[in-house]
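Working notes, structure below.
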Amino acid sequence: MRTYKLHSPKNGGTEETSKVKFTRDELSEMTTLQLRSICHKEKLVEGLSGPLDREALIRTILKYRSAEQSLLIQSYDEHGWERVEAAIARYLNTPLPDDGSIQIPAKVTLYDGLKVDKLDQYRVKAPGTVTESNVLLVNDHMELCGIMNLAKDGPDPGMYCLTASKEMSFRRTSNKNYSFLLFRKQDSEYVYQTYTRSRPLPPTNLHYWRIPIPELEIRDLEDTDAVLAIDFGTSNTTAGAYLDSSYISNPSRHDLLNGTLRLNSINLVKFPVAGGKREEWIELLPTIIAVADCSDTQQVKYYFGHEAMKFMKKNGYTGHATVFHGIKRWVNRYKLPEEIVDGQGNTTVVRRNDILRAYLLHVIETAEHQFKCRFRKMHISSPVKLKTQFAEMFAELLPDYRIESDDALDEGMAVLFNTIADQIEKNTFADGETYNALVIDCGGGTTDLSSCRFRIEDGHISYKLDIHTAYENGDTNFGGNNITYRILQFMKIVFADYYTKGGSVPDIDSLIGIPGPDLFRHVDEFGVESVYERFEARYREAERIIPTRFKDYENRTREEYLRVKSNYYFLWEIADSMKKEFFRKTGILRNRFDSQTGDRQEQDLKITAVDRWCLSAYENGRMKDIYEFPRVVFNINEINLLIKADIYDIVRKFLEDFYQDGRLQEYSIIKLTGQSCRIDSFREALKEFVPGRSIEFRQKTEESDSVPELKLACLRGAIRYLSARKAGTIEAYITNHAPVVPYTVSAFTHSRQEKLLISSQERLNQVQGSISRPFEVKEVEFFLKGSDGAVRHKYAYANEPGSFEPIRYEDIAGRYAAKIPQDDTDSIQNGEVKFFVFAEDNEWGFHVVPVAREDEQLYLGSKRFFAFENDLSELDFFDGWK
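No gaps in the numbering here: position 871 of the sequence shown is 895 in my numbering, and each next residue is one more.
Written as structure tokens, this is what we have:
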């Protein structure tokens, strides 16, 4: 039940409707700091003037802002069902008159195993005597056929929606004349107590409204041959499918009429965003998981996406429950164990693959609920360099589904196919001409550059596509989260000055000392770090006023630690919100924060409503609570200057070599994709290397949609590719070339001379090297370095001479071919082991294979794989050190 609001009402709302209500369960999960913040916001003087006692604060809030809690049946229990059926047979004695004021849907279609929620739009209008309650589905013989709930639908009085849990069963009977039984609040609670308590309740007289249902149907869920496409992102995930008129035999007429299902079209999965006055649904799910309940170690319950974010925010970001961000990064180590804790302090150990599986199943179940079918086929896009690893992981996580692998598109290729499909539909391609394209994908946590060469031929019976694609470069530590963090840093500096210097704030030019027109040249000459030297110094100074490095406070009091952790997550939330607002292209040029949105008098000014503003800051050596909203207006020009150097540096890193050797002129298309690429600084940086006409950067002038098209380009491309192949309108021949390695791998000889084994900027299938040691060596170290020469990882190969097997070179050649040349094995001396290092086109990493010689006999040791990146992105913005 939603018992509190995130935003104050717009002007014109009554004082009563603006009051936030709380339950004891909600308050018991909050910190003392949060409870005092509520007392301050709701002007509960009794709570502020009293002692800092947690229980006293809870009692004060409940005294003035207690929310009624609805007792709703939301899980199936066979014995509870039988008790309710017996109770209505015995105590259902007093029918209430219906004068037509209770209005229900004309037709209801229920599916076994599927929940019913507000997206289904089974709306009920009822007078004030009806409240949120349990609803019983019965037939003419008063047999119980189902248990549903009446949930409030928005702020308007008397408006409800029918809902039901997916665990709830619906029973078919020979009698098809169905009715809903609605109850007064006290009678609904009696039904709830009967269902949940095994001990008999005292006899009662149940009052009820019986509303006949004109038409109700209970269906089984059909399997569909349609493929569900999922774009599994570091920060956000999207999903959808092309549904033709025969994807199931009997599509839901109710959903077709409501527009939530469209035949012969791409349908995107929508996810609920709770928190506002009305529940909204958007085509995006944050890739975040929070532990809801792990008391039963065999059935751990989680919150996903928006619900996880709501859970974190409700607890002021200081709850005990474990929260996982960026789980996509686990691809190379997805079987590792993780210790988790829920909000009640229960703890257990689960494997990462169980967490990943739970998240993906949630996405699939949401799609099945929206489209009323059972999917068996999946297409889950992945980065081109890790296509094989992701395919293997998804196949293991979802064994009950057929995961597209041979015909699967990587993320860059899916984005590009969206452009190819547009060319085919609009007939704007040159028949038989070869196009060269570069795709820059700036996601939430990583940025990748891939190349593509394709040709479209208008054949006799279909379009023939010849596509060659390869990974060219990437940065595992730059994405949209880096931009959010830069804005967070700027906000922290500004707020620290504002609260300590009487409202004065620093100018962006005092923090970034290089004028905008000279910024690119300065990065070229001195590096991007030099741009932010003064800025980073001011950020470290601001830490002494508004601390956010909560890892530094693990040896302090619990209250101090939670205050600092809350500071960071609160600043992250408002920074991310402001970033999205500025770059949605809605004409917003300025932004400030307040307790309510109000009416916009200035069209370029966005007032972002923030519930319970609360930062903790040091004053005279002690932390104090700050409830005052800062009268600070941020403008888009200073944000653009703030992030300009970071964005130019990543573009320069990707394109400078292409530009220097003239290869960049070969590419007729440069495609920008990913949410962060909406930022104009990307286009401005690209103009330094290519003419503007070559850049494909399409977006609406005013993009008011919640999810930008650039985020959906990958998903749409994958769906269009799958549907075109199924319809036979295209014949695609895709060749994935070995990616370019942006790293070097080296080892040291016995004389401490570094030996290069894998060189940077070579194709993955062309790299190989070797280093020798005595046969009895126990361990050999290998070092991975980035383009900057810094060591990224150190790997250790544990040598086990006893596990070596005698072998002939012909057998070695049969296994490894040119990876281990005969000349290199012939030169191995007795008592020597040579460690061969090489890579293969379909695995993002390198292999180590030892070959030894003893008494003129060759011996082969165990092959071991080392991933270039243990985690897809090594930079964690939620580690407590920022």
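Just so it is clear, CB atoms sit at the ideal spot from N, CA and C, and this is done for glycine as well. Quick caveat: nothing in here was measured; it's all calculated off a predicted structure.
Is the CB-CB distance between residue i and residue j below 8 Å?
i: Thr19; j: Thr218; result: Since the first residue shown for the chain is 25 and the last is 906, residue 19 is missing from the structure and cannot be characterised.
i: Ser692; j: Asn460; result: yes
i: Met402; j: Leu422; result: yes
i: Ala756; j: Ala494; result: no
i: Ile511; j: Ala599; result: yes
i: Cys476; j: Gly504; result: no
i: Tyr767; j: Ser784; result: yes
i: His546; j: Ile536; result: no
i: Val162; j: Tyr146; result: no
i: Tyr216; j: Leu95; result: yes
i: Val148; j: Leu174; result: yes
Let me check understanding here. Comparing Cα to Cα, which of the options lies closest to residue i?
i: His349; options: Leu143, Thr311, Ile491; result: Thr311
i: Glu805; options: Asp424, Tyr745, Lys139, Ser796; result: Ser796
i: Lys735; options: Leu639, Arg510, Thr262; result: Thr262
i: Asp704; options: Lys603, Pro845, Arg687, Arg243; result: Lys603
i: Tyr651; options: Ala599, Ser692, Asn591; result: Asn591
i: Val463; options: Ile444, Leu360, Phe828, Val108; result: Ile444
i: Arg655; options: Gly527, Leu86, Ala669; result: Gly527
i: Val634; options: Leu595, Leu666, Leu665; result: Leu595
i: Asp244; options: Tyr135, Lys352, Gly170; result: Tyr135
i: Glu213; options: Glu864, Glu156, Ser794; result: Glu156
i: Ile674; options: Asp490, Pro224, Tyr563, Asp499; result: Asp499
i: Cys318; options: Thr371, Trp637, Leu287; result: Thr371
i: Met172; options: Asn199, Asp141, Asn644, Tyr341; result: Asp141
i: Tyr577; options: Met647, Glu867, Gln58; result: Met647
i: Glu829; options: Gln853, Pro874, Gly869; result: Pro874
Once you ignore the five residues that flank residue i on each side, which residues in its own chain have a CB closer than 6 Å to its CB?
i: Glu167; result: Thr197
i: Lys411; result: Asp434
i: Val251; result: Lys401, His403, Leu746
i: Tyr819; result: Phe806, Phe890
i: Ser193; result: Tyr100
i: Leu543; result: Lys668, Ala669
i: Asp907; result: No information on residue 907 is available, as it lies outside the stretch 25 to 906 that the chain covers here.
i: Ser61; result: Arg636, Cys638
Suppose the cutoff is 7 Å on Cβ atoms and the five residues either side in sequence are ignored; what does the same chain contact list for residue i look like?
i: Tyr115; result: Pro227, Thr228, Asn229, Leu230
i: Trp905; result: Arg573, Lys575
i: Gly329; result: Phe295, Leu309, Pro310, Ile312
i: Phe7; result: Residue 7 falls outside the range modelled here, since the chain spans only 25 to 906, and no answer is possible.
i: Arg717; result: Because the pLDDT at Arg717 is just 45, under 50, the model does not fix this residue reliably, and the point stays unresolved.
i: Ile388; result: Leu252, Phe399
So what does residue i bridge to, in DSSP terms?
i: His349; result: Ile312
i: Gln210; result: Answer is none; Gln210 lacks a bridge partner.
i: Val873; result: Phe860
i: Arg234; result: Leu205
i: Gly170; result: Leu161
i: His492; result: Arg477, Thr759
i: Thr118; result: His231
i: Pro798; result: Glu856
i: Gln792; result: Phe862
i: Leu884; result: Glu829, Val875
i: Asn497; result: Leu473
i: Glu303; result: In DSSP, Glu303 forms no bridge with anything.
i: Ser289; result: Leu267
i: Val140; result: Ala188
i: Ser405; result: Asp255
Spatial neighbours of residue i within its chain, please: CB distance less than 8 Å, with the 5 preceding and 5 following residues excluded, ordered by chain position.
i: Ala742; result: Ala253, Asp255, His403, Ser405, Leu433, Ala438, Phe441
i: Gln723; result: In this prediction, Gln723 scores a pLDDT of 48, lower than 50, which makes its location untrustworthy; no coordinate-derived value is stated.
i: Thr508; result: Trp596, Ala599, Asp600, Lys603, Phe901
i: Glu880; result: Asn854
If we cut at 8 Å on Cβ distances, does residue i have a partner in chain B?
i: Glu304; result: The structure shown contains no chain B, having only a single protein chain.
Examine the ligand NAD and report whether any of its heavy atoms sits within less than 7 Å of the Cβ of residue i.
i: Glu829; result: For the ligand NAD, the structure offers nothing, since it holds no ligand at all.
Self-check item: Any 3 or more C-beta pairs closer than 8 Å across the stretch 274-291 and the stretch 406-420
Solution: no
Quiz item: Is it true that the stretch 884-891 meets the stretch 545-565, where meeting means three or more beta-carbon pairs spaced less than 8 Å apart?
Solution: no
Exercise. Please determine if the stretch 354-370 and the stretch 260-274 are in contact, where contact requires at least 3 C-beta pairs separated by less than 8 Å.
Key: no
Practice problem: Check whether the stretch 853-871 touches the stretch 811-818, taking contact to mean three or more Cβ pairs, one atom from each stretch, closer than 8 Å. | Solution: no
Quiz item: With contact counted as at least three CB pairs below 8 Å, one residue from each stretch, are the stretch 117-130 and the stretch 230-239 in contact?
Solution: Three or more beta-carbon pairs separated by less than 8 Å link the stretch 117-130 to the stretch 230-239, which places the two stretches in contact.
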